[in-house]
Structures are given as C-alpha cells and as structure tokens.
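The next block holds one structure in the form of structure tokens; read it before the comments.
Protein chains: 4
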Amino acid sequence: MTDTHLVDGADATLIVTGKDQPGLVAAVSSLLRDVGANIFTLDQYSTDASGGRFFQRTQFFLDGFSAARARLETELDGIAREFGLSWKLTDQSVPKRVAIFASKSDHCLLDLLWRQRRGELPVTISMVIANHAELADEVRFFGVPFFHTPTVSTDHSDVEAEQLRLITGNVDFVVLARYMQIFTPEFIERAGVPIINIHHSFLPAFVGAAPYRKAKERGVKLIGATAHYITADLDEGPIIEQDVVRVSHDDTVEQLARRGADVERQVLARAVLWHAQDRVIRTENQTIVF
Amino acid sequence: MTDTHLVDGADATLIVTGKDQPGLVAAVSSLLRDVGANIFTLDQYSTDASGGRFFQRTQFFLDGFSAARARLETELDGIAREFGLSWKLTDQSVPKRVAIFASKSDHCLLDLLWRQRRGELPVTISMVIANHAELADEVRFFGVPFFHTPTVSTDHSDVEAEQLRLITGNVDFVVLARYMQIFTPEFIERAGVPIINIHHSFLPAFVGAAPYRKAKERGVKLIGATAHYITADLDEGPIIEQDVVRVSHDDTVEQLARRGADVERQVLARAVLWHAQDRVIRTENQTIVF
Amino acid sequence: MTDTHLVDGADATLIVTGKDQPGLVAAVSSLLRDVGANIFTLDQYSTDASGGRFFQRTQFFLDGFSAARARLETELDGIAREFGLSWKLTDQSVPKRVAIFASKSDHCLLDLLWRQRRGELPVTISMVIANHAELADEVRFFGVPFFHTPTVSTDHSDVEAEQLRLITGNVDFVVLARYMQIFTPEFIERAGVPIINIHHSFLPAFVGAAPYRKAKERGVKLIGATAHYITADLDEGPIIEQDVVRVSHDDTVEQLARRGADVERQVLARAVLWHAQDRVIRTENQTIVF
Amino acid sequence: MTDTHLVDGADATLIVTGKDQPGLVAAVSSLLRDVGANIFTLDQYSTDASGGRFFQRTQFFLDGFSAARARLETELDGIAREFGLSWKLTDQSVPKRVAIFASKSDHCLLDLLWRQRRGELPVTISMVIANHAELADEVRFFGVPFFHTPTVSTDHSDVEAEQLRLITGNVDFVVLARYMQIFTPEFIERAGVPIINIHHSFLPAFVGAAPYRKAKERGVKLIGATAHYITADLDEGPIIEQDVVRVSHDDTVEQLARRGADVERQVLARAVLWHAQDRVIRTENQTIVF
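Chains as they are written, first to last, in our numbering: chain A, 29 to 318; chain B, 29 to 318; chain C, 29 to 318; chain D, 29 to 318.
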C-alpha cells in the first residue's frame with residue numbers, strides 16, 4: 029500500500045505493554061534483531077522508576093515480514109510468558125478498516141474522506157452509516173458505501189442491531205464524526221472494536237449537550253475539541269487528542285460553532301491517524317500517545 | 029509617565045456603555061471633536077442589531093487634558109442623561125495603583141514586579157501582601173513594600189481586617205498572584221476595588237483545588253490558566269483571559285505544575301495589563317476585552 | 029443573502045482612509061446617524077498621534093440601505109473633499125464574486141469550495157480556472173464552472189489572454205489556490221482586481237520555489253504559510269495572514285508538505301474571508317486587518 | 029541533586045549515534061540489562077530505512093551508577109568498535125556548568141537565573157559575563173558571580189582573551205542571553221564548548237541586526253525567536269527551538285520587541301533545558317531533539 033507507506037514508512041509495528049522490569053527493551057530488541065528486523069523508531073515510556081507500567085512501540089523494517097510473522101509471534105509469546113507482557117503486532121501494509129458514523133454535519137466526515145483519498149490516512153473507509161440521508165451523495169462521490177439507518181423511535185435497539193450487522197466483521201474501528209445519537213452500553217460492548225468520538229468542547233469543560241452555548245454563557249476566551257474513545261460513561265472515555273482556538277466576546281454561538289468546526293475536524297483527523305498508526309495505547313482511563 | 033505612554037500612547041481613555049441606539053458613536057465623537065481631542069483608537073461592540081447593549085472604548089489625544097477634563101465630564105453627563113449611558117474617563121498619564129497578594133509561589137509575583145520595572149505594565153505596585161514571609165527579600169529588592177499578614181486561625185476576620193486597612197484608599201485594584209487563601213464575601217465587598225485572580229486551570233474545567241492533579245487523572249492533552257475577576261462565587265467570576273499549553277502522558281503532576289506556571293504568569297500579566305489599560309469591561313458574568 | 033448575514037451580520041460596511049486629523053470619526057458617525065444608520069462595529073486605527081494616516085472600518089444597520097445609498101454616497105463625497113479622505117461603501121447583502129485559480133493540488137481549492145457551500149464565506153465562486161484538468165469533476169460537483177487553460181509553452185501570453193477574457197467583468201477578486209504559474213506584470217495590471225495568493229512558507233523565510241525542501245535543509249522547528257496580495261514583485265506583496273505549525277526532525281519533506289497543507293488552507297480561508305468582509309486595507313506594502 | 033531529579037528522573041543518559049544497521053538497539057539495551065540498569069525512556073530515530081544515520085537517547089536507572097560506570101564505558105567502547113558508533117554517557121546527578129553572556133537586556137538572563145533557582149533547569153550557573161555593568165546587582169542577588177568585560181575598541185581580542193580565561197575549564201556550555209557582540213571564529217573554536225544563542229527572529233527570516241524593525245517594515249503577522257548553536261556562520265548554526273507570537277498592524281517596533289521578549293525567553297529556556305538534559309543531538313547543520 030503506497031498510501032500507508034507514504035504516511036509512516038515501516039513494515040510493521042509492535043506494541044508491548046506490561047509491568048516494568050529490567051531487560052524488557054533488550055529482550056524485545058534482541059528478538060527483532062534475531063529475525064533480521066531493522067528498528068526504525070522506538071518509543072518507550074514507564075510510569076515509574078520501579079514497579080510502574082511499561083509501554084513500548086517499535087516500528088521496524090523486515091524483508092519478507094509476512095513469511096517471518098509466524099515465527100516472530102511464537103517468540104513474542106515466549107517473551108510475553110517470561111515477563112508477563114501483552115503485545116500486538118501490526119502489518120503496516122494492511123490499512124485498518126473503519127466505519128464512519130455521521131448525522132447531518134459534514135465537516136468532520138468530509139475531512140476524513142478527503143484525507144483518506146489524499147493518502148494522508150492509512151485506512152480503508154469501508155462504509156459511512158448515518159441516521160440522516162442528507163450526506164449520501166457526498167459520501168458516494170468518494171466511492172464509499174453509504175447506509176442510512178434512521179432513528180424512528182426512542183428505542184434504538186432496532187437501529188443498533190442493524191448497525192451491528194453492518195459493521196460486524198467488516199471494520200477494525202469506528203469513528204463518530206459528529207454522530208448525534210448516544211449508543212447503549214450494549215452496542216459498545218457488542219461492537220467489539222474501538223470507537224473514537226469527537227466532542228465539541230475542551231473536555232472536561234462543558235460535558236453533555238450544547239457546549240458552544242455553555243461556552244458563550246461562561247464567557248471563555250478559548251474553545252476546543254476533544255477526540256476520545258467511547259466508553260459506557262458518556263464524555264468520560266480516554267482522551268486521545270485536544271486542541272483549542274481563540275475566541276472573543278463578539279463571537280456569537282453560531283460563530284463559536286463555526287470556529288469550533290475547524291478544530292473538531294483537525295483534532296479528529298489527528299486522533300484517527302494516530303489510532304490507525306497504532307500510536308495510541310489505552311491504559312486505565314488515559315492514553316499513551318507515541 | 030513615560031512608561032505609561034510606552035505602553036499605549038494616548039492621553040485619556042473613555043469607556044461608554046449602555047443600551048444600544050442610533051447616534052451613540054456620533055454623540056460621543058462629536059463631543060470629543062468639540063473639545064479638541066483627536067481619537068487615536070476606537071473600538072465599539074453591540075451585542076445585537078437592535079435592542080442590544082453597547083460598549084465603546086475610545087483613546088484620544090488632547091493637549092491640556094487636565095484643564096479640559098471638567099468640561100468634558102459635564103458634557104458627558106449630558107450625553108449620559110440623554111441616552112441613558114454610563115461612562116468612565118481615565119487619565120492615561122496616571123498609572124493605576126495595585127496591591128499584589130501572594131503566598132509562597134513566586135512565579136506570578138516576580139513576573140509582575142519585573143514587567144512593571146521594565147515599563148511593560150502601566151501601574152504602580154503600591155504593596156505586596158503575603159500570608160507567608162518567604163518572598164519579603166525578593167519583593168523589597170524591587171523597592172516595593174512587603175506586608176506579612178499571616179493566617180493564624182481558621183477565622184480570617186482579623187487578617188482580612190488588617191488587609192483592608194492596608195489597601196483601603198491606597199490601591200485601585202488588587203491582583204491575587206497565586207494567593208492561596210479564599211476571601212470572605214465581606215472582604216470582597218468592603219475592598220470595593222476589582223480583584224483579579226489567576227486560576228491554574230482552563231476554567232470551567234477543574235474548578236477548586238489541585239487542578240493539575242485532576243488534569244493528570246483525566247489525562248488531558250492541554251493544560252491552561254484563567255485570569256478572572258473575583259466574585260463571591262469561587263472560580264465563577266468573569267473571565268478576562270485564558271491560555272493553554274500542550275502536555276503529554278509522560279508529564280508528572282509536578283511537571284504539569286511547572287509547565288502551567290509559565291502559562292499562569294503570562295495569562296495574569298496580560299489580564300493585569302488589559303485591566304490597567306481600561307480595555308476590560310464587565311457585563312453580567314462576562315467581559316468585553318477591546 | 030442569508031449566508032452573508034450568517035457570517036457577519038450588518039447591512040453595509042464603510043471603509044474610510046486618509047490623513048489623520050481631529051473630527052474624522054465625528055464627521056463620519058454623524059453622517060451615518062443622520063441617514064438613520066445604527067453602527068454595529070467600528071474599528072479605527074491611526075499610525076501616529078499626529079500627522080499619521082487614518083483607517084476606519086464601520087459596519088452598520090440601515091433599513092432600506094439600497095434606497096438610502098445614493099444620498100449617503102453624496103454626503104460621503106462631501107466629507108471626503110473636506111477632509112481629503114478616500115472611502116469605499118459595500119453592500120453586505122451582495123457577495124463578492126471570485127475566480128479561483130488552481131493547478132493539481134486540491135487542498136486549498138476544495139476547502140474554499142466547501143466553506144462557501146457551508147455558508148462560511150460570503151462570496152460567490154464564479155469559476156475555477158486551472159492549468160491542469162484533474163480537478164474538473166471535483167469542482168463541478170460543487171456546481172461551479174471549471175475552465176481548463178493549459179500552459180502549452182513558455183510564452184504565457186495566450187493563456188493569460190484567455191484567462192483575462194474569462195474573468196474580466198465577472199469577478200471582484202481572484203484567489204490563487206496553489207496555482208503554480210507566475211503571472212506577468214501585465215496580467216496583474218490588466219486583471220484590475222485584487223489577487224490573493226497562498227505561499228507555502230512563513231514569508232520572508234524561504235521565498236521562491238520548494239520552500240518545504242529548504243525548510244528541511246535549514247532544520248527549522250516550525251513551518252508556515254502566508255496569504256498575501258500579488259504584486260509585480262514575486263512573494264513580496266502585502267501580507268494578509270500567516271500561521272505556523274510545529275514540526276520535528278523526523279518529518280520528511282513530504283510530511284512537511286502534508287502538515288503545511290493544513291496550515292495553507294486555513295490561512296488562505298481566513299484571508300479570503302477577511303477580504304470578502306472588507307476587513308483588509310492595503311497601505312504601502314502592508315495591510316491593516318480589522 | 030534533588031533539582032536535577034525534579035526535572036527528569038533518571039540516573040544517567042546515554043546518547044548513541046552512528047550508521048544505522050540491524051541490531052543496534054538490541055546491543056545497547058542488552059548491555060544496559062547486563063549491568064543491571066532499568067531503561068526509563070528510550071527514543072530512537074533513523075534518517076532512512078537503510079543506510080541512514082542512527083540516533084538514540086536512553087535514560088536509565090542504575091543503583092550504584094558511579095561504581096558501575098567504568099565497566100559500562102568499557103563495554104560501550106566494545107560495541108562502538110563493533111558497530112562504528114559514537115556514544116556519550118552522562119551522569120544526571122551532576123548538573124552541567126554554564127556561563128551566561130549578557131549585555132544590557134535583562135529578560136533572558138533573569139529568566140534563566142530564576143528558573144535555575146526554582147529547580148527548573150538542571151544546571152549550575154557558574155558565572156555571568158557582560159560587556160555592560162548594569163545588570164551586576166541583579167545577578168549577584170541570585171548569588172551568581174558577575175564579571176564585567178567591557179568592549180573598549182573594535183578589536184575584541186583582549187576582551188575575548190579575558191572571557192576565555194574566565195570560562196576555560198569552568199563551564200560545560202555557554203549561553204548568549206541577548207549578548208550583543210559577535211564572537212570571532214577563533215573564540216568559538218578556543219572556547220571548545222557548545223554556545224547557545226537566542227536570535228530575536230524566526231530564522232531564516234530577518235537574519236542580522238534589527239529584526240523587529242525589518243518585521244514591522246515587511247508587515248508580518250507573527251514574530252518569532254530562534255535558539256541555535258553558534259557556528260562561524262552568523263545566524264546559520266543548527267536550530268534547537270523556535271516559537272512565534274501573533275502581532276498586528278497596530279504594534280509599533282517597540283511593541284514588537286516587547287512581545288518578542290516573551291518569546292525569546294521561553295525559547296531560550298527550553299533550548300537550555302533540553303541541552304542540559306542531553307536531549308539535543310547535532311548532525312550536520314541540524315538538530316535531533318528527543
């Protein structure tokens with residue numbers, strides 16, 4: 029995949045996490061050397077000098093990675109047992125598959141579609157699912173399937189069931205591009221893949237609905253956006269990325285929303301890119317972003 | 029005052045506020061022309077096309093401003109009666125007098141002392157009042173009186189009474205440079221001058237104590253600081269200025285505090301400058317900053 | 029035009045420039061009052077306390093502006109003669125017409141098309157002119173005419189003649205959205221309308237071609253973009269807006285270009301918006317942006 | 029050293045550079061494991077997938093680092109010979125010694141003195157050397173020796189000789205905190221330690237003298253500052269850090285200088301911190317900053 033390599037460059041990415049202890053870096057890097065890999069970048073972080081948690085992301089080049097993969101995985105299992113680690117190995121030539129959920133707002137959705145087409149996002153956008161029909165033509169212009177799952181009652185179970193049928197087995201993660209429905213905890217659990225949301229405020233300020241109106245009322249001088257993983261606790265999931273933009277007393281709520289839209293799409297695009305590149309590691313309710 | 033003029037340049041500043049209606053700008057600017065003033069900058073803002081509130085700040089040059097002031101004030105009273113306005117006229121050659129309250133942290137305090145000495149802040153720092161003694165030498169090195177008002181019990185009434193004796197009649201506003209005591213509503217009322225505080229978070233996120241610890245726990249990717257006027261509602265007063273800095277998963281709470289200190293002193297310095305320049309107009313629980 | 033009013037709110041904008049002198053603000057605002065206008069915002073700036081140049085932008089509401097316009101213009105002529113001023117009156121309900129020039133890069137072009145459709149830019153995009161054909165479908169999807177004017181030789185005179193035929197009388201300004209041809213001075217003069225360009229560096233750093241390569245070689249830690257008016261001096265025209273983004277040693281030239289693209293489209297969009305709102309006043313080789 | 033550990037946390041830092049090849053990370057990390065070290069952070073960067081240059085910074089904990097150091101160095105020499113690498117091992121409990129050069133401007137100098145006293149900079153400020161006497165009291169208030177080396181003629185050789193006598197053997201690096209003299213190439217060579225300068229513009233824009241005046245004339249919308257290592261080519265040395273601040277048409281040259289001063293001191297403080305933490309690796313005319 030040229031596009032993928034445009035973005036990052038290596039053949040594979042290895043994430044290792046676990047209890048910190050001497051010798052972890054040596055064990056993993058020796059294994060990579062023994063299979064003939066050349067490490068391109070390595071980022072490592074421990075939460076404490078002793079007894080903390082250990083996080084490592086390694087990108088490496090390895091001719092014939094597909095052929096060597098099975099052996100590498102077996103050896104990683106061995107190290108994992110020895111040190112009590114978890115690991116995840118990703119073939120960077122295989123783009124992750126994503127379903128984007130949207131409602132009526134187009135700014136985050138179009139930005140993702142456009143960046144993907146441009147080769148900036150190493151993902152395949154498998155489908156767009158929306159509870160409104162307005163954006164169908166836009167999405168199909170990009171050659172992406174558009175599925176309309178309208179919300180017909182306060183009981184979302186039928187809609188969610190249909191959405192689950194569409195995504196199950198077909199996508200590696202989900203992005204909510206200003207999708208204005210709240211999922212049930214059951215949906216989140218049954219989806220079984222990470223779900224990234226963009227919240228239109230600098231969390232934890234202005235949780236819940238209408239953050240721009242609340243921002244105007246409070247008279248803040250900056251507004252922001254937050255990309256985070258969805259959990260059962262609304263607006264409380266692990267934060268991936270945030271940014272802000274300066275506003276002024278003469279911005280109306282509508283102007284705040286317009287300025288905010290620019291921040292939303294940038295923040296969401298960065299979060300999706302980093303997730304697609306396996307840069308983001310969840311730990312408790314936080315993220316490590318390498 | 030060379031320093032004052034270095035900062036801004038004009039002889040006087042006129043703030044006018046009231047119910048918006050046609051003819052306000054013309055009435056005020058015609059009056060200024062008639063007394064021989066030359067307008068240097070004029071900023072005007074109305075909250076709505078009709079029926080809103082009107083805010084105007086005008087800086088002007090006027091040879092012999094002191095002599096002309098009485099006449100100008102009489103005429104302003106006339107316009108104010110006619111249009112139902114409020115106004116405030118400030119001689120820019122007279123720096124505002126400020127008392128800075130501090131505790132043990134030196135970063136905001138020293139930054140203000142240093143900027144004032146450098147000619148960046150058009151204020152006279154009349155005194156520093158602290159509930160700890162550690163910063164006495166530092167403050168006096170700048171030639172500024174230092175008064176130690178230790179907190180000896182949970183009843184702050186004696187301390188506040190002494191603080192009121194020190195500032196009453198002597199200062200035009202108060203700045204809390206990371207002063208770690210909470211004033212009683214009575215103190216705020218009896219002080220009778222604006223009180224500017226720096227809060228070490230991006231309000232309304234992380235109100236109350238220990239915001240950097242809360243920020244670490246929530247895993248935010250930016251931390252901020254907020255300068256606001258003190259009201260009886262803790263951390264709820266009108267916001268003057270805010271800013272943020274990017275942080276990462278590997279910043280400890282101590283490192284967040286250190287990065288935050290840089291933002292705090294910049295945000296507070298801007299708020300103090302703008303207040304000293306009569307750029308900040310309070311309206312309900314918000315500010316207009318021209 | 030709902031869209032226009034969404035953006036800014038007033039009925040008309042008046043720009044006045046000239047030699048600074050007492051009474052200018054009063055004269056203009058009294059005239060507006062006399063025709064029944066209500067001033068919504070007024071920004072004024074003088075380059076010096078005395079003998080400087082005066083710049084003022086006023087937005088106002090006026091029921092029946094079209095009917096009152098002739099009288100207003102006559103009176104403005106009177107004031108202009110008395111004080112030696114220049115003025116420009118703009119009906120905000122009439123969006124400015126723009127031709128966008130492009131080559132192969134789509135990021136700036138699509139961003140402008142999308143913002144205009146969204147109601148963020150108070151302009152009519154009359155046409156897109158490109159020296160390559162690749163973007164035709166994209167542009168026409170937005171319902172905008174696309175004209176292909178390929179460069180067939182080193183002599184651009186035929187191409188420029190055709191471009192002039194297309195735009196003459198049809199547009200109020202031109203935007204170069206990463207258009208990779210250099211106009212002759214004759215084209216600029218005969219076009220007779222402002223031409224806004226986006227340069228992919230923080231001017232005056234890295235003038236000329238291949239700025240991202242030069243930035244990589246110099247090892248800068250920030251890259252930027254600059255929107256400016258085109259003059260006969262390449263890359264030397266008055267700057268309207270600039271911004272930067274942080275980069276790192278591990279960004280390749282291609283990654284710098286990708287990060288830069290985000291800054292380019294934002295900077296250009298702001299410059300186009302401000303120009304369309306008559307916020308930008310040229311003076312010598314600089315701009316006043318209210 | 030509490031202060032040092034406050035800043036970063038580990039016992040030692042190891043920098044390794046050389047020609048990229050498989051097995052480098054494994055070799056270094058295995059060695060560290062074998063001596064009982066626990067890696068705290070590891071940053072690695074290669075300029076290319078194959079045949080590029082390799083840069084690695086490792087921070088580690090090692091009880092009894094001083095005792096183990098000799099063995100570690102011997103083994104590092106072995107690896108260095110085998111792979112053709114260079115390495116540098118730093119004891120983080122020993123702060124680097126710095127001489128700060130100044131002239132009349134106090135902002136960068138005081139900021140460094142104050143940050144060091146606060147425990148934000150893991151350095152010992154051994155002396156301040158100035159060609160003007162004005163800042164002597166300020167410096168000595170911090171308990172730091174102040175040496176006055178006035179420039180008495182256009183021939184700087186006597187002054188530079190005295191400066192070399194002061195610093196030789198006494199400091200590990202030099203910081204020019206708005207020192208307004210240009211060193212001869214001989215001084216730079218004979219000093220034999222890194223020299224960090226702060227340039228008051230966003231290099232390569234506005235090289236040479238009076239950058240704020242040039243910025244005003246060009247009408248830029250952002251001004252910046254650049255910290256870089258000094259080489260014989262004035263303003264052309266490797267850039268460590270840069271930042272910018274937004275300015276406006278109504279900023280005078282003096283106001284640009286004042287706004288710029290805030291950026292200068294922040295950029296210089298970051299560059300000094302990162303250099304002191306061995307985060308900055310020079311390669312050709314660029315820097316890697318981990």
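Cβ coordinates follow ideal geometry from the N, Cα and C atoms, glycine included.
- Contact of Y240 (chain C) with chain D is not assigned, every C-beta pair being separated by 8 Å or more.
- A Cβ-Cβ distance of about 24 Å is found for the pair F111 (chain B) and A38 (chain B), leaving them out of contact under the 8 Å criterion.
- Here the alpha carbons of L138 (chain D) and P178 (chain D) stand approximately 20 Å from one another.
- Within the model, the alpha-carbon separation for L60 (chain D) versus G80 (chain A) is close to 19 Å.
- Nearest Cα to S58 (chain B) within the set B:A96, B:Y73, B:I107: B:I107.
- Per DSSP, T102 (chain B) is one residue of the alpha helix (DSSP H) stretching across 93-111.
- Within the same chain, I268, W302, T315, V317 come within 6 Å of V308 (chain C) by CB-CB distance, once the 5 residues on both sides are set aside.
- Nearest CB-CB separation between P173 (chain D) and chain C: not below the 8 Å threshold.
- Secondary structure at G288 (chain B): helix, using DSSP grouped into helix, strand and coil.
- A distance below 8 Å separates the beta carbons of V291 (chain D) and V273 (chain D).
- Rounded to whole angstroms, the gap between the alpha carbons of N313 (chain A) and F230 (chain A) is 17 Å.
- By the neighbour-count criterion, in which a residue is buried when 16 or more other Cβ atoms sit within 10 angstroms of its Cβ, K47 (chain D) is exposed.
- If you draw a straight line from the Cα of I157 (chain A) to the Cα of P213 (chain A), it comes to about 19 Å.
- Taking the Cα positions, R85 (chain D) is about 53 Å away from V187 (chain B).
- Interface annotation for the stretch 142-176 of chain C against chain A: W142, E148, F169, criterion Cβ-Cβ distance under 7 Å.
- DSSP places D119 (chain B) within a strand segment (E or B) once states are collapsed to three.
- Separation of T259 (chain A) and V199 (chain A) (C-alpha to C-alpha, rounded to the nearest whole angstrom) is 18 Å.
- The shortest C-alpha to C-alpha distance from A40 (chain D) to any of D:Y257, D:P123, D:R109 is the one to D:P123.
- The residue among C:N159, C:A65, C:S114 with its C-alpha nearest the C-alpha of A95 (chain C) is C:A65.
- Assignment of K132 (chain C) by DSSP, reduced to helix, strand and coil, places it in the coil class.
- H256 (chain A) has A:N225, A:I267 as its beta-bridge partners, per DSSP.
- Fully enclosed beta strand (DSSP E) runs of no fewer than 3 residues occupy 174-176, 201-204 of the stretch 170-212 of chain A, in order along the chain.
- Rounded to whole angstroms, V295 (chain C) and Q270 (chain C) show a C-alpha spacing of 6 Å.
- Within the stretch 41-61 of chain C, the residues whose Cβ lies closer than 9 Å to some Cβ of chain B are D48, Q49, P50, G51, L52, V53, A54, A55, V56, S57, S58, L59, L60, R61, listed in chain order.
- Chain-ordered, the chain B residues with CB closer than 9 Å to the CB of K249 (chain A) read T254, I267, I268, E269, Q270, D271, T315, V317.
- Sequence-ordered contacts of the stretch 99-123 of chain D with chain A are nonexistent [C-beta pairs closer than 7 Å].
- Apart from the 5 residues on each side of it in sequence, D279 (chain D) sits with its Cβ closer than 8 Å to the Cβ of K244, R287 in its chain, given in chain order.
- By the criterion of at least three beta-carbon pairs nearer than 8 Å, the stretch 244-256 of chain B is not in contact with the stretch 157-175 of chain B.
- Judged by DSSP in its simplified three-state form, K124 (chain B) adopts strand.
- Per the coordinates, the alpha-carbon of T118 (chain A) lies some 42 Å from the alpha-carbon of Q283 (chain A).
- Annotated as proximal: Y207 (chain A) and S131 (chain A), with beta-carbon spacing under 8 Å.
- When DSSP states are grouped into helix, strand and coil, A40 (chain C) belongs to the strand group.
- For S133 (chain B), the closest C-alpha among the options B:L100, B:L204, B:Q49 is that of B:L204.
- By the neighbour-count criterion, in which 16 or more other beta carbons inside 10 Å mark a residue as buried, L141 (chain C) falls on the buried side.
- When secondary structure is reduced to three states using DSSP, D62 (chain D) falls in the helix class.
- In the same chain as A55 (chain C), and ignoring 5 residues on each side of it, the C-beta atoms closer than 8 Å to its own belong to I107, E110, F111, in chain order.
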